[in-house]
Every structure is written in structure tokens, then in C-alpha cells.
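Going down the list, the protein sequences come from chains S and U.
The numbering used here numbers the first residue of the first sequence as 22 and each following residue consecutively.
The numbering used here numbers the first residue of the second sequence as 4 and each following residue consecutively.
Virtual Cβ for every residue (Gly too), placed ideally from N, Cα, C.
A quick note: this is a predicted structure, and the numbers were derived from the prediction, not measured.
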Amino acid sequence: MYAQLVDTGIQHLKTLGEMTPEERVFQSKLDAEIKIESDSWMPDAYRQTLIRQISQHAHSEIVGMLPEGNWLTRAPSLQRKLQLMAKIQDEAGHGLYLYSALETLGASRDDQVAKLLSGKAKYSSIFNYPTLSWADIGAIGWLVDGAAIVNQVVLQRTSYGPYARAMVKICQEESFHQRQGYELLLTMMNQGNQAQKDMVQDAINRLWWPSLMMFGPSDEHSPNSAQSMAWKIKRQSNDELRQRFVDQTVPQLELLGCSVPDPALRWNEERRHYDFGEIQWDEFHSVLAGNGPCNEERLATRRQAHEEGRWVREAAIAHAQKMLERSR
Amino acid sequence: MLPLTLFEVFVRSKHGLSHKHVGSVQAANAAMALENARELYTRRNEGISLWVVEASAISASNPEHKESWFEPAEDKTFRHASFYKLPDGVGHM
Chain S
22 MYAQLVDTGI QHLKTLGEMT PEERVFQSKL DAEIKIESDS WMPDAYRQTL IRQISQHAHS
82 EIVGMLPEGN WLTRAPSLQR KLQLMAKIQD EAGHGLYLYS ALETLGASRD DQVAKLLSGK
142 AKYSSIFNYP TLSWADIGAI GWLVDGAAIV NQVVLQRTSY GPYARAMVKI CQEESFHQRQ
202 GYELLLTMMN QGNQAQKDMV QDAINRLWWP SLMMFGPSDE HSPNSAQSMA WKIKRQSNDE
262 LRQRFVDQTV PQLELLGCSV PDPALRWNEE RRHYDFGEIQ WDEFHSVLAG NGPCNEERLA
322 TRRQAHEEGR WVREAAIAHA QKMLERSR
Chain U
4 MLPLTLFEVF VRSKHGLSHK HVGSVQAANA AMALENAREL YTRRNEGISL WVVEASAISA
64 SNPEHKESWF EPAEDKTFRH ASFYKLPDGV GHM
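Below, the structure is given as C-alpha cells:
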């Protein structure tokens, strides 16, 4: 998930009897699957939770461009370079759709971006891992975008209309990302030499566990999930989504002829699902807290881009003012 | 921060439909908003025409009036063709 730890600020889930009349009307809309729109009444905690979640999601899209940008100038062919640029541009677009949804809640885009740049806002832990070889670009498209799709497909049914609609558009574009990543890896496995095949396996070894971490803490350690589910911001639990991702990914892994670094991974005939090992939660919390291998580098790059782009924003404003004066 | 303006974006798809709201962009003026909207909302043949409108220029109905404004239409089923029962012999009408 692109928003892995979203605090609802709620300790106790209210029963219908404890709700105010406005809250009851709100909850009955949710129960009837009526979308909440920007002009609907909503509890302040619902609004704040959405602002936190959508901003984390948006920041993840923006920071998510950086690990891939690292390989743009080293793409092995012009075709691969064009594909990668198109994918990165999509990620920027996804960030902007989400900031746009965020603004419908009365949040300021500038404030949220400032929180990202100051290091206060969270974004997905996955983007704090380095991209060490070209195969990482394929593994990101396949695994990271694959995990994002599992999460975002469900979010198309989230209760807040502008967020749900942004998800529809994002999901349409994500499937290109996943396919280009998988096809890239297939090409390396089918046509590559041994060193190139080893690169693919190495990329999967490094990115497998961080991809599973994208879905957030396990259900028993996810204190905010109950309220998010009651509000229908969240529609399925972290563990359910993680299981779905594993189930759909393992056959693709086998087709590639690769493996994952998990000796516990095996098909469970009784459950009709794959069993898999325990995630290293210390690592998850450490990366999310800012201590991953690339946290500092990612934020430094964002700050630099923001500063170096300042003149463009100022020039746009100056140009607009000049045009306005000339037209008078 | 700089005073960029929020514009709502509307796209007309290829299929002869009306412009439809798709989201918003920030820009310094309408011309730049159109360029931003083109980059953001029409990268995959989504449309053949774009409108941008300053968000502050849109007047919207009051959500508190939703019932008094829109519910009266619900009991006027005689405004729909299906209200009128015709004998089979009439055929398609």
C-alpha cells in the first residue's frame, strides 16, 4: 500500500447510539455505499484521516519517480528509455491527480508538499531502497506497481468520491507499468546471458520483502484499520491484500524461472493460498521512520528539485501578470 | 508560496459526448492551465477538446438543499415514458 500507517486519531469506534445525528446520517450514507463528496458533511476525523492518507499516497507517487529516474540515462535502448520516461511521467501524473483530490478536502497542496520536504510527512517505505541494476527497473514495475495495483483496485471503491475517481484513472494506467516491468524481466531471462539472468534474481531477492511490506503492518498490529474500515476509506485488510498479491505473483515468478528469498513459501492446499514467512517488522518500522538506505537521498533530491524549479514557478507568475497587464 | 490559481478541467472524449469534469490543475493563468491539463489528463487519447475554468468561478447548488431541490422529481413518475401502459398491438413507441 502507498499509505502504510495512517493515523485516524480515533481510540474507540463509536456505536450508532453514541453518534451525533449528523454522524448517524453520515454513517448511513456509508452503509448504503453512497459516495461522500467534497460538499457533504463529514466528521472532522474522517477529513483529517483522508488528508493524511491521500497526501501519503501522493507523496509516494512523487518520490516513486526517483528510484527509476536513476536509470533513465542508462536504459539499454531508446525504446526502453521512452517506456521508462512514459512510466515516470505517469507517476508524476498520479501524484497530481491525488493532490487534486486532496484540495477538494480544503487542504493546501503547498502545505502538504512543505511537509514532505521538511521530512514530516510519510511516503511508502519501498522507495527508500536503492535501484542497483537495470533489472531493478523491471522488478519495480512488476512487484512494486503490482502491489500498488492490488491496493488501488480496492481503493476504487473507497468512500470519498474524488479519491475513488482518482484511483480509477490511476488503475487504468498502472497495468501498463506492471506489464512493461514483467516483460523487461522476461526479456532478460529469455535472451540474456548468465550475468543478466543473475541480475534479475538479485533484484527480486532485494525487492521481494520490501514489496510485501508495502501493504503495511499485519492486521493484529494495525490499530487504525477498524475505524478506516468503518468509514469505508479502507475496504480490505492489509493481510488480505498481501495474500492476494502473493497468490497472483508466485505463478508469474515461476514463469520467469526465478525464486524468492523465502524458504517458507509454499502452496497450502487446505487454505487454497500460498503460505509465506514472517516479514521483518523491525526493518519496516525503521525504514518508515526515516532510517532506510535512501531516505535522506530521496528527500535531498526532492528539495533540490523544488529549489531549482523555483525560478520556473516565478517566471510563470511573472508571465501571467505581464499578459494580464497587456490585455488591459 | 506563489499565488497559483486552481482550475477545474473538463475533457470532451472522441465519441461526441459533452465535456466531462476530470479533475483540476494549478496554474498561473488559463493558457498555462490548458497546457498543464493536456499533459496531465490527455496522455492516452482521452480527449479531443479541453476546457479549464477557474474553480472559484463555479457556482454550485447548496448540499443542504439537496432534498428540497431534487426529491420533488422522484414522485413525478408521469414524466417518464415507462409510466404510460399501452396495449401490445401498438408496437414500439
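| Contained alpha helix (DSSP H) runs [length at least 4] in the stretch 59-116 of chain S, N- to C-terminal order | 65-84 and 86-90
| said: Considering just the uninterrupted stretch of the beta strand (DSSP E) at U:H24, what are its terminal residues? | reply: K23 to A30
| field | Beta carbon proximity, S:E124 to chain U, threshold 8 Å | value | yes
| field | Host beta strand (DSSP E) of S:W288 (start-end) | value | R287 to N289
| task | Starting from the N-terminal side, write out each stretch of the alpha helix (DSSP H) that is 4 residues or longer and does not extend beyond the stretch 23-57 of chain S. | result | 42-52
| request: Say whether chain U places a C-beta atom closer than 8 Å to the C-beta of S:S348. | output: no
| request: Could you list which residues in chain S have their beta carbon closer than 9 Å to that of U:M35, in chain order? | output: What U:M35 touches in chain S: A337, H340 and A341.
| said: Residues of the stretch 106-123 of chain S in Cβ contact with chain U at a cutoff of 9 Å, in chain order, please. | reply: A107, Q110, D111, A113, G114, L117, Y118, Y120, S121 and A122
| Contacts around S:G90, its chain only, beta-carbon distance under 7 Å, and the 5 residues preceding and following it disregarded | These residues qualify, in order along the chain: I109.
| said: Is S:M63 close to chain U? Criterion is C-beta to C-beta, closer than 8 Å. | reply: no
| Element boundaries [alpha helix (DSSP H), containing S:T270] | N259 to L277
| With a Cβ-Cβ cutoff of 8 Å, do S:L228 and S:L153 count as a contact? | no
| message | What does the alpha-carbon distance come out to for the pair U:S27 and U:I51? | response | Between the alpha carbons of U:S27 and U:I51 lies a distance of about 18 Å.
| said: According to DSSP, is S:F236 part of a helix, a strand, or is it coil? | reply: coil
| query | How about S:Y144 and S:C315: are their beta carbons less than 8 Å apart? | reply | Cβ distance not < 8 Å, so S:Y144 and S:C315 don't count as in contact.
| query | Where does U:Y44 fall in DSSP's three states? | reply | helix
| said: Once the 5 residues before and after S:S139 are set aside, which same chain residues still bring their CB inside 8 Å of it? | reply: In the same chain as S:S139, and ignoring 5 residues on each side of it, no C-beta atom comes closer than 8 Å to its own.
| task | Can you have a look at S:W352 and say buried or exposed, based on whether 16 or more other CB atoms are within 10 angstroms of its CB? | result | The requested residue 352 of chain S does not occur in the structure, where chain S is confined to residues 22 to 349.
| query | With S:Y23 and S:A169 assumed to form a contact (beta carbons below 8 Å), what rounded beta-carbon distance in angstroms separates them? | reply | Their Cβ separation, rounded to whole angstroms, is 6 Å, which keeps S:Y23 and S:A169 in contact under 8 Å.
| said: Quick check on DSSP: helix, strand or coil for U:S85? | reply: helix
| request: Examine the Cβ distances between the stretch 28-35 of chain U and the stretch 333-342 of chain S and report whether three or more of them are shorter than 8 Å. | output: In this structure the stretch 28-35 of chain U lies against the stretch 333-342 of chain S, because at least three pairs of beta carbons, one per stretch, are closer than 8 Å.
| Residues from the stretch 248-265 of chain S in contact with chain U, defined by Cβ distance under 8 Å | none
| said: Please tell me whether S:D28 has its Cβ less than 8 Å away from any Cβ of chain U. | reply: no
| task | Below 7 Å CB to CB, which residues in the same chain sit around S:T322 once its five sequence neighbours on both sides are set aside? | result | L87
| field | Cutoff 8 Å: S:M188 Cβ touching any chain C Cβ | value | Among the chains of the structure shown, chain C does not appear; the protein chains present are S and U.
| query | What separation, rounded to the nearest whole angstrom, lies between the Cα atoms of S:L99 and S:A113? | reply | Straight-line Cα distance between these residues: approximately 21 Å.
| chain U beta carbons: is any one of them nearer than 8 Å to that of S:R130? | yes
| field | Bounding residues of the beta strand (DSSP E) (the contiguous stretch that carries U:E53) | value | Note that residue 53 of chain U corresponds to Leu in the displayed sequence, not to Glu. Segment S52 to E57, the beta strand (DSSP E) holding U:L53.
| message | Just to confirm the assignment, what range does the beta strand (DSSP E) spanning U:E11 have? | response | T8 to R15
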